[in-house]
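Peer 1: This is the structure, below, for whatever I ask next.
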């Protein structure tokens, strides 16, 4: 490789490397959420990064289609382009001839494909979770990447509202385990429909939903102004406001929709983090029942997750109509908020408990044997093999967040007794033999 | 989405979905290996799937360049193609104008980029592991995929041979933990050089190395035949054979190379799975010291891993010359061999210990409360919310490998006592209250 032209090391825009400390924090979030998923019987699946463009195209609207990363066909990729089409103004028509594959845009369309394709080998109700990267050719900006992780749990093939209860409990338990204070907002699309028909909104439903979704940002006055521009009467808009913001769910008359909300909410009378919110809309129009959204009142960052019940996910792949319900954790944002609020435990590291530092090469083998003995007791331990004379071991324990350090010189070699240094408190414990060190590390 | 054309669900060729049971087995392998990496102080990193083509191109030879997946630029991707170049015969010249990004081909070139780019924020010697997918536009065939996982551990920036000892121990411990019987072959590139110069091979080294690498497949007679075609004398070839196959490392004279081998091997006098093999070559020519390869004698499948020491990994990105040494686990093949030899524990599942099955809707809420109580004790438990009348719960426990099942009907609702069914042995334990069930599950 030495003849190669030297290249400045750089990332593709909108992508990231993760340093070991960042991976440790990300794993802490993933493992916490996975633990809750598993406790509730959700099983992990994997789907490939690369999907056929036929599978992806047309599922995310026109804007979404533009954001799909397309992979150039291998070999002579121009061979199927009709000669008369091959000119510079024709990029969009040519694409289908030169790219058959793309990178997945979310985990939902792959789930739909997966369920239909593997239905004979899945246990229904199918409860799966999936954590993995997705790709979007969005313009990169602060907090928005072209490659980022999604984290979804869904139940396919059960109408029971206990699924909604379980998913709400998963949200509550996971955020509690992360010590992240959130509000879990719950609403129901059928209730929204009912309110709309009660106040008399019929043909402009989707515009109204989009506007109400902006209430967080522009306040009700801003929303009202724009609702009036849709030629809705002021009386209607005021009545709508009453239903959306000033009516507890127990006040809705006993319609099927209100009944569904009550069935879910009655499990959370003790949990003030779970709140009914008639004004929660969730713009995406494929939801048909319960919907969720997660807010963190201590941070200005937007939603930390959301989800809902939907009816026809698998239909696009010819699957029978199975009801589904699912939630998403916005793990990139959860990471950012946890950093902002300083919620990661101080002790997060990738696990090494002690670093043995041989003072010179005469002590190296002896130090190595001590480390191997600790490892044989399943204690993660390391020997420092870098430059001790340049004091590099101090930076090393700090960078790797290693809680203890032992220097090994002629004295230690002779006596078999060590001084254990706590790298956080900078206190030392002298005259320990190896089993004494093991006992302290085990007790941590 | 209901207006969409229905599409047959299908994977892009050479890619795979993983069912929950397969993910559980893959995680078992990953977690076992990760545990050993961590015990030895290796830290996980992540790099993006998408890299600049500038970073990837030219690192894997001409064949490798052809196998890179290239991502079409977003928007009007033809705008930078010189008009006179845009014709159907010109695909390879046009590529650079329409694709700036590609999918990573391995984890090694991204590591080199990463180390140079982040050197000020890394602890040296830098010990990292990385497990993740890579992509190659290879022709798919049995056991060969276009998207597959690699699993590497490397140490960058330390010359100490104790790194070699630790990496060999990692191999031995990981395969032992997986109960996979392997032979860990060790050799040293400097020793190969020495043998070659002793017998008089000078200008045809790489051809000879490639041929010796085939000994496994075509036997020494086949290798010899082809060596003779390179116009090497029969005497030379026979002498070479003696050194490669009939000389234990202790018989090599005390050159620096032989000394290095001895320094490593002396730590494995008790471990018969670690063997010196002078005929181990490892075709890739960037190795400069110790090399490894893993074979499984119980299976006809090829190598399960390999690695070596190299000197100039970071040079291609303008990094200072740092010595590196690393090993790879061939985890896709390890999975296949473990299936072939039936080595996965029977108990592998994603963790749910008991399924509660309400016989009718009157018992559902009660069953749910029992499940919630078990979960609150951190016991993974589930309630079946599918069709009980169609006996779907029996298939469900089997598919998810759930070890216990409890049916909840009017009797249980009244008495609070349950019958616990072991789904493997099909035996039952009657008259258990919930704490009795919890005790049995906890003891598992």
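Protein chains in written order, with our numbering: chain W, 150 to 593; chain S, 150 to 593.
All residues carry an ideal CB built from backbone N, CA and C; glycine is no exception.
(1) Against chain W, with Cβ distances strictly below 8 angstroms, would residue 250/S count as a contact?
(2) Quick check on DSSP: helix, strand or coil for residue 282/W?
(3) Restricting to runs no shorter than 4 residues, where is the alpha helix (DSSP H) found entirely within the stretch 493–543 of chain W?
(4) Across which residues does DSSP place residue 482/S in a beta bridge pair?
(5) Output yes if chain S places a C-beta closer than 8 angstroms to the C-beta of residue 482/W; else output no.
(6) Strictly by DSSP, which residues pair up with residue 290/S?
(7) Residues of chain S with CB closer than 7 angstroms to the CB of residue 201/W, please, in chain order.
(8) Report all residues from its chain with a CB closer than 8 angstroms to the CB of residue 432/S; omit the five preceding and five following residues, and keep chain order.
(9) Taking C-alpha atoms, which residue in 253/S, 376/S, 553/S lies nearest to residue 283/S?
(10) Are residue 482/W and residue 558/W closer than 8 angstroms when you measure CB to CB?
(11) By the criterion of Cβ-Cβ separation under 7 angstroms, what are the contact partners of residue 282/S in chain W?
(12) Which residue marks the beginning of the beta strand (DSSP E) containing residue 357/W, and which one marks its end?
(13) Do you know whose CA, among 436/W, 220/W, 379/W, 189/W, lies nearest residue 315/W's CA?
(14) So residue 340/W and residue 248/W are supposed to be a Cβ contact under 8 angstroms. How far apart are they, rounded?
(15) Am I right that residue 287/W and residue 257/W are in contact with their C-beta atoms under 8 angstroms? What's the rounded C-beta distance?
(16) Against chain W, with Cβ distances strictly below 8 angstroms, would residue 235/S count as a contact?
(17) Could you check if residue 318/S is buried or exposed, using at least 16 other CB atoms within 10 Å of its CB as the buried criterion?
(18) Alpha carbon to alpha carbon, how far is residue 128/S from residue 187/S?
(19) Would you report the Cα separation of residue 570/S and residue 521/S, rounded to the nearest angstrom?
(20) Pick from 230/S, 468/S, 581/S: whose alpha carbon is nearest that of residue 594/S?
(21) Between residue 309/S and chain W, is any beta-carbon pair separated by less than 8 angstroms?
(22) Tell whether a beta-carbon distance below 8 angstroms holds between residue 158/S and residue 297/W.
(23) Please report how far the alpha carbon of residue 150/S lies from the alpha carbon of residue 210/W, in whole angstroms.
(24) Determine the chain W residues that contact residue 164/S at a beta-carbon separation under 7 angstroms, and present them in chain order.
(25) Going by DSSP, what residue range makes up the alpha helix (DSSP H) through residue 453/W?
(26) So which of 325/S, 366/S, 194/S, 412/S has the shortest CA-CA distance to residue 304/S?
(27) What residue from 378/W, 452/W, 387/W, 337/W has the CA that sits closest to residue 408/W's CA?
(28) I'd like the span of the alpha helix (DSSP H) that includes residue 553/W, first residue to last.
(29) Following the continuous alpha helix (DSSP H) through residue 417/S, name the residue where it begins and the one where it ends.
(30) Spatial neighbours of residue 567/S within its chain, please: CB distance less than 6 angstroms, with the 5 preceding and 5 following residues excluded, ordered by chain position.
(31) CB residue 484/S to CB residue 237/S, shorter than 8 angstroms?
(32) Let me know the alpha helix (DSSP H) ranges lying completely inside the stretch 160–229 of chain S, each 4 residues or longer, listed in chain order.
(33) Provide the residue(s) that pair with residue 369/S in DSSP beta bridges, ordered along the chain.
(34) Pull the bridge partners of residue 300/W from the DSSP assignment, please.
(35) Between residue 463/S and residue 280/S, what straight-line distance do the alpha-carbon atoms span, to the nearest angstrom?
(36) Among 515/W, 391/W, 552/W, 269/W, whose alpha-carbon lies nearest the alpha-carbon of residue 563/W?
Peer 2: With the given structure in hand:
(1) yes
(2) strand
(3) 510–525
(4) According to DSSP, which records beta bridges pairwise, residue 482/S is partnered with nothing at all.
(5) Taking Cβ atoms only, chain S never reaches closer than 8 angstroms to residue 482/W, which makes this a no.
(6) Residue 290/S has 293/S as its beta-bridge partners, per DSSP.
(7) 159, 161
(8) 358, 359, 362
(9) Cα-wise, what sits closest to residue 283/S is 253/S.
(10) Remark: C-beta atoms of residue 482/W and residue 558/W do not approach each other more closely than 8 angstroms.
(11) Chain W residues near residue 282/S: 198.
(12) No beta strand (DSSP E) holds residue 357/W; the alpha helix (DSSP H) holding it covers 354–361.
(13) 189/W
(14) Not quite, the Cβ-Cβ distance comes to about 43 angstroms (not below 8 angstroms), so this is no contact.
(15) Not quite, the Cβ-Cβ distance comes to about 17 angstroms (not below 8 angstroms), so this is no contact.
(16) Interface flag for residue 235/S against chain W is set, since a Cβ pair is found closer than 8 angstroms.
(17) The residue in question, residue 318/S, is buried, as its Cβ has 16 or more Cβ neighbours within 10 Å.
(18) The shown model of chain S, from 150 to 593, leaves out residue 128/S, and the question about it has no answer.
(19) 19 angstroms
(20) Residue 594/S is absent from the structure shown; chain S starts at 150 and stops at 593.
(21) yes
(22) no
(23) Any answer about residue 150/S is weak, because its pLDDT of 44 lies below 50 and its placement is not dependable; what the coordinates show is given next. Their Cα atoms are separated by approximately 9 angstroms.
(24) By Cβ distance, chain W contributes 197, 199.
(25) It is not in any alpha helix (DSSP H) - residue 453/W carries neither H nor E in the DSSP assignment.
(26) 194/S
(27) Looking from the CA of residue 408/W, the closest CA among 378/W, 452/W, 387/W, 337/W belongs to 337/W.
(28) Per DSSP, residue 553/W belongs to no alpha helix (DSSP H); it is in the beta strand (DSSP E), 553–557.
(29) Residue 417/S -> no alpha helix (DSSP H), and no H or E assigned at all.
(30) 555, 561, 581
(31) no
(32) 169–188, 202–205, 210–215
(33) Answer by DSSP bridge pairing: none, since residue 369/S is not bridged.
(34) For residue 300/W, which the question treats as bridged, DSSP gives the partners 280/W, 478/W.
(35) 20 angstroms
(36) 515/W
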